[in-house]
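J.: Input: one structure, supplied below.
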Amino acid sequence: MVFLALTRLGFEEFEALRKAGAKLALWVNTGVLIADELARLRAGGLSVTDFVRPIDPADHAAVAAAVDTIREHHPGKRVWVES
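Under our numbering, the first residue of the sequence shown is numbered 11, with each subsequent residue one higher.
Next comes the structure, spelled out in structure tokens:
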């Protein structure tokens, strides 16, 4: 499965799932994590992709477009979106 974290709170929810043993790839909104955090996660073997442009969590079309992009890269995988 793939988790889309749009905010810091969403990332913290992802971390709780990951620490509980969930096997998830992470796609994260720009600005949610700093470069050091991204590097640490990747060095730990986690599949992490950070968007270049910000996604407004209140913009349903923008979130849907982000999910479409994720599905292009992870065909057949379920995508969890922070809500």
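Note that CB positions come from ideal geometry on N, CA and C, so glycine has one too.
Pull up the distance between the alpha-carbon of Ala75 and that of Ile44, whole angstroms please.
T.: On the sequence shown, position 65 is the one that residue 75 refers to. On the sequence shown, position 34 is the one that residue 44 refers to. For Ala75 and Ile44, the distance between alpha carbons rounds to 23 Å.
J.: Below 7 Å CB to CB, which residues in the same chain sit around Lys33 once its five sequence neighbours on both sides are set aside?
T.: The residue given as residue 33 occupies position 23 in the sequence shown. If we look at Lys33 and ignore the five residues flanking it on each side, it has no Cβ neighbours.
J.: Can you say whether Gly20 is buried or exposed, counting buried as having 16 or more other CB atoms within 10 angstroms of its CB?
T.: Taking the first residue of the sequence shown as 1, we reach residue 20 at position 10. Buried is the call here.
J.: With a threshold of 16 other CB atoms inside 10 Å of the CB of Val42, please say whether the residue is buried or exposed.
T.: Within the sequence shown, the letter at position 32 stands for residue 42. Buried, by the Cβ-count rule.
J.: Using three-state DSSP, classify Leu14 as helix, strand or coil.
T.: The count along the sequence shown starts at 1 and reaches residue 14 at position 4. In this structure, Leu14 counts as strand in the three-state DSSP scheme.
J.: Going by DSSP, which residues form a beta bridge with Asp46?
T.: For this step, residue 46 is matched to residue 36 along the sequence shown. Partner(s): none; Asp46 has no beta bridge.
J.: Please classify Glu82 as buried or exposed, where buried requires at least 16 other C-beta atoms within 10 Å of its C-beta.
T.: Counted from its first residue, the sequence shown places residue 82 at position 72. Exposed, because fewer than 16 other Cβ atoms sit within 10 Å of the Cβ of Glu82.
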